[in-house]
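Chains as they are written, first to last, in the working numbering: chain A, 1 to 295; chain B, 1001 to 1354.
This is the structure:
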């Protein structure tokens, strides 16, 4: 029975980890393609979920609402590229990072101004009921989320390594100027990446939104995704998934087995400490690209 | 016309290495200090002192601390509020558990505790760099917040997790009016700003900047990485700690750990972005901007009181805030301090630019 409980906690943690990965994926995408640590990813998740729910509330059917929101997110991505990033080409990464913090404030304000601050429910039509796998109960919804996450990661990994566009994205991430000089259209590339990141934000927003309700707290999932990100490495798509699994499982196990000894409530900082310990061994994360520094 | 350095000769090394080399600058600073120390405490209203000036000064101090770490030493930190919390709670416990300890000593010791914690959380910086480090500093933010909420000892087992400032006095003078609180804060901030300015100009500041620009190169030319980086963390955390203690004791009076959450860290970070990364003056300008902006927006909101709901206003404030950050980064990545410098350059040749 003890063993079974452990397994249940472990599986629950792993599946929760996939949810974190979904958010981390948006970060990786943009970082990999443009070297920008996009803090606004959480705001984009909120924006996407809130837009979707509000559009649906106007009586628009599910798929059409999905398409409309997707169009909106792509538009937003292109807009961000045009207004925020283009004037900041070739600025140091820290400047771009700070710009995205500003962006996250802007988007949070905008989303709530346009769509209101009420908490919305979101129903995806997947029952959140447990089902039995050899005595271990697993939530159906979590399984669905994991499947979506897995598909997304596989698709993106293929995209980055096999397509011409994906390789262009990686070139841009490596060096803006060098990429421009071999004829990669930087502007288009960035617009595409932010569009795709908007799509990932939409998926994450829908799954998280139906779990937590669509509300301001959605932006906080960013804080869950960050340790996943540094654990897996900023530049690795599979790293986001593996990192998510480790963080998710570690967090849940620690909460259950370690929490009672220190008074509980450790899930806020434990993932960070876990990631920090990993980083002390591998400073670029598990799958991050090693940087050779030259003077 | 009046802002010229012609005819001002430096005839000693001391004069050459003075902070303010131009007589007009010295005059300006002297006037500013006189205004701050003499005129404002006497003439300023209570609201001006404790509603605007004290928060401005305290947040400037925190921004100074972060600027030392991020602006000079180049280590991006998202945990400055946590070190403020350490300063506040340590000062509280020193005063509580050692009755009769002078306030200034308690604040100083509180700052030292923050410095110690800062060094502990700065250790990973020797191995982790850039954004990985920035995220790792969040570990400090969440961990410290959790410790102060979870363990009752730090708040003397107060049921609501709130600490309250005891009656304060410095050298026998009671600190209970807005004017005396303001003067205490101003004195501490002025002294520490001077110290920061001098550190930035001295060898340690240059070592920090070398590490910021390229740490491998800095190490190659013989700058001790371990000592320099940890010193940056220690001094930065000391500044934040003192700011936190003042924030809790002088500004609010009662405070809990939630006053030093991630939001506060970002607030301090915004100050140095808007003010100027790697500039002492910038810390003050940025703090002034961030303190004044919500007040101005509020006033503006009151003017349209009937037509706009508070919720709309709150969201508008967020949008404006974020928009301004982006605007500043695009227009002037070096912040308000750079604009000030440009204005001074312009003034030198005004009104005959040729």
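From the three backbone atoms N, C-alpha and C, an ideal C-beta is built for every residue, glycine too.
- Beta-bridge pairing by DSSP links residue 1256 of chain B to B:1162.
- Along the stretch 111-122 of chain A, the positions whose C-beta sits under 7 Å from a C-beta of chain B are 112, 113 and 117, read in chain order.
- Classified as buried, residue 190 of chain A has 16 or more neighbouring CB atoms from the shown chains inside 10 Å of its CB.
- The continuous stretches of alpha helix (DSSP H) do not include residue 1129 of chain B, and DSSP gives it neither H nor E.
- Residues of chain B whose Cβ lies closer than 7 Å to the Cβ of residue 95 of chain A are, in chain order, 1329 and 1333.
- Following the DSSP letters along the chain, one finds residue 182 of chain A in no alpha helix (DSSP H), marked with neither H nor E.
- Counting other Cβ atoms within 10 Å of its Cβ, residue 1240 of chain B reaches 16 or more and is therefore classed as buried.
- Per DSSP, residue 1247 of chain B lies in no alpha helix (DSSP H) segment and is marked neither H nor E.
- For the stretch 188-202 of chain A, no residue has a beta-carbon sitting nearer than 9 Å to a beta-carbon of chain B.
- C-alpha of residue 139 of chain A to C-alpha of residue 108 of chain A: approximately 31 Å in a straight line.
- Residue 268 of chain A reaches chain B at 1142 and 1146, counting residues in chain order whose Cβ is nearer than 7 Å.
- Interface with chain A (9 Å Cβ-Cβ cutoff): residue 1321 of chain B is included.
- At least 9 Å separates the beta-carbon of residue 195 of chain A from that of residue 25 of chain A.
- Identification of residues in the stretch 1106-1134 of chain B having a C-beta nearer than 8 Å to some C-beta of chain A yields 1124, 1127, 1128, 1129, 1130, 1131, 1132 and 1134, given in sequence order.
- Excluding the 5 residues flanking it on each side, residue 122 of chain A has same chain C-beta neighbours closer than 8 Å at 49, 52, 53, 206, 209, 210, 213 and 214, in chain order.
- A distance of 9 Å or more separates the beta carbons of residue 197 of chain A and residue 104 of chain A.
- Legend: CB atoms of the stretch 1216-1227 of chain B lying less than 7 Å from CB atoms of chain A belong to residues 1216, 1217 and 1220.
- Around the beta carbon of residue 1156 of chain B, fewer than 16 other beta carbons sit within 10 angstroms, so the residue counts as exposed.
- Just so you know, the alpha carbons of residue 77 of chain A and residue 44 of chain A end up roughly 9 Å apart.
- In the pairwise beta carbon analysis, the stretch 225-239 of chain A is classified as touching the stretch 275-289 of chain A: at least three pairs are separated by under 8 Å.
- Burial state of residue 1201 of chain B is exposed, judged by a 10 Å Cβ sphere holding fewer than 16 other Cβ atoms.
- Taking a contact as a CB-CB distance under 8 Å, the pair residue 164 of chain A and residue 81 of chain A does not count as one, their CB atoms being some 20 Å apart.
- Among the residues facing chain B, residue 83 of chain A is included, as its CB has a counterpart in that chain under 9 Å away.
- At least 9 Å separates the CB of residue 1233 of chain B from every CB of chain A.
- Ranked by Cα distance from residue 97 of chain A, the options A:239, A:118, A:272 and A:38 are led by A:38.
- In this structure, residue 1062 of chain B sits away from residue 1145 of chain B, with a CB-CB distance that is not shorter than 9 Å.
- With the rule of 3 Cβ pairs closer than 8 Å, the stretch 1226-1236 of chain B counts as touching the stretch 1071-1081 of chain B.
- With respect to the C-alpha of residue 1265 of chain B, the residue from B:1014, B:1009, B:1041 and B:1078 having the closest C-alpha is B:1078.
- Between the alpha carbons of residue 101 of chain A and residue 1322 of chain B lies a gap of roughly 7 Å.
- In terms of beta-carbon proximity, residue 44 of chain A stays away from the interface with chain B, with every pair separated by 9 Å or more.
- With its beta carbon at least 9 Å from every one in chain A, residue 1271 of chain B lies outside the interface.
- In this structure residue 1114 of chain B touches residue 1237 of chain B by the C-beta definition: roughly 5 Å separates them, less than 8 Å.
- In the structure shown, the three-state DSSP call for residue 138 of chain A is strand.
- Contact between the stretch 1047-1055 of chain B and the stretch 1110-1124 of chain B is absent: fewer than three C-beta pairs spanning the two stretches fall below 8 Å.
- Separation of residue 176 of chain A and residue 1182 of chain B (C-alpha to C-alpha, rounded to the nearest whole angstrom) is 49 Å.
- Under DSSP, residue 130 of chain A takes part in a beta bridge, and its partners are A:139.
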